[in-house]
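Numbering of the sequence shown is given in this note's numbering, commencing with residue 6 and proceeding in unit increments.
Where a beta carbon is used, it is the ideal one built from N, C-alpha and C, also for glycine.
Note sheet for the following structure.
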Amino acid sequence: MRTKLNEIIKNGHLGMIAVFFIVYMITFSYIEDRDVHHYIIHTTIDDQIPFCEYFIVPYLLWFLFVAVTVFYFMFFNKNQWKEYYQLVITLGTGMTLFLIISLVFPNGQDLRPVLTGDSIFIKAVQMIYHTDTPTNVLPSIHVFNSLACCVAILKNQRKYKKSTDTACVVLTILIIMSTMFLKQHSVVDVVLAALMYTGCYRIIYGNELWSQNAFRASIFSDHS
């Protein structure tokens, strides 16, 4: 791991990720603070989905899921830099597209219920509602990033246990469901995120593109 860490620092991978997140957060804060009209995303299907506070568990596990996945591909996926770059480029592309959509199409949702009760699950949902505004929700980053991490793990050439795949798929499904059952996102947000990920997957994971792209050759030549 120490050798891999030295290589990562030498090639500036951590710096690039840090710069991206700084720019992302600054841009997102600007978008959130704008005084603009937000188009409400709401369908009749959303009204048929009941609120369920227990889905806060997989919703919060998303943060750990994404962090652990990136950490694994960065430090432990030995000699598989292609898979690491495919993952982080996919994540970065999705988050960038999210910012662009939020800039040109300010949006929001009115799905959140009035919360009652004092269980630990309700309190956790209240915390999320307080820190995460119901604006700029299209598409769902929770859904996009979950799909990106799940597929990266499923395609990983260094997997050791089949149970890892099963757990990953189950967690991804629960995270996607949680966005709707917690009333954090509309079905529209989920569908658009899935479609957007499908497009990114076809481009970034397409064998023909990666075999012919000079960018791939210049990045991976030193690590193969």
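Quick check on residue 128: buried or exposed, where buried means 16 or more other Cβ atoms within 10 Å of its Cβ? Against the sequence shown, residue 128 aligns to sequence position 123. Flag for residue 128 reads exposed.
Less than 8 angstroms separating the beta-carbons of residue 208 and residue 66? The residue you call residue 208 lines up with position 203 of the sequence shown. The residue you call residue 66 lines up with position 61 of the sequence shown. The answer is no: Cβ separation not under 8 angstroms.
What's the call for residue 157, buried or exposed, on a 16-neighbour Cβ count within 10 Å? Your numbering for residue 157 matches position 152 in the sequence shown. When all chains shown are included, residue 157 counts as buried.
8 angstroms Cβ shell around residue 162 - same chain, five flanking residues per side excluded: Here residue 162 is taken as the residue at index 157 of the sequence shown, counted from 1. Within the same chain, residue 162 has close Cβ partners 85, 88.
With a CB to CB cut of under 7 angstroms and the five nearest residues on each side skipped, what residues in its chain are close to residue 44? Counting from one through the sequence shown, the residue named residue 44 turns up at place 39. Answer for residue 44: 110, 111, 112, listed in chain order.
Could you check what DSSP says for residue 105 in three-state terms: helix, strand or coil? On the sequence shown, position 100 is the one that residue 105 refers to. Here residue 105 sits in helix by DSSP.
Alpha helix (DSSP H) containing residue 183: first to last residue? In the sequence shown, the residue the question calls residue 183 occupies position 178. Taken as a continuous stretch (DSSP letters only), the alpha helix (DSSP H) holding residue 183 covers 167 to 186.
Let me confirm a value: residue 132 is counted as buried when at least 16 other C-beta atoms fall within 10 Å, else exposed. Which label applies? The sequence position of residue 132 within the sequence shown is 127, counting from 1. Label assigned to residue 132: exposed.
Is the beta carbon of residue 149 sitting closer than 8 angstroms to the one on residue 185? What you label residue 149 is simply residue 144 of the sequence shown in a count that begins at 1. What you label residue 185 is simply residue 180 of the sequence shown in a count that begins at 1. No, Cβ-Cβ distance for residue 149 and residue 185 is not below 8 angstroms.
Distance between residue 71 and residue 103 (C-alpha atoms, nearest Å): Along the sequence shown, one-based indexing puts residue 103 at 98. Along the sequence shown, one-based indexing puts residue 71 at 66. Looking at the two C-alpha atoms, the distance is approximately 17 angstroms.
Inter-residue spacing [alpha-carbon to alpha-carbon] between residue 169 and residue 151: Start at 1 with the first residue of the sequence shown, and residue 169 comes out as number 164. Start at 1 with the first residue of the sequence shown, and residue 151 comes out as number 146. Residue 169 and residue 151: Cα-Cα distance of roughly 15 angstroms.
My guess is that residue 130 and residue 190 are in contact by the Cβ rule of under 8 angstroms, so how many angstroms apart are they, rounded? Here residue 130 corresponds to residue number 125 of the sequence shown, with the count starting at 1. Here residue 190 corresponds to residue number 185 of the sequence shown, with the count starting at 1. 14 angstroms between Cβ atoms; not a contact.
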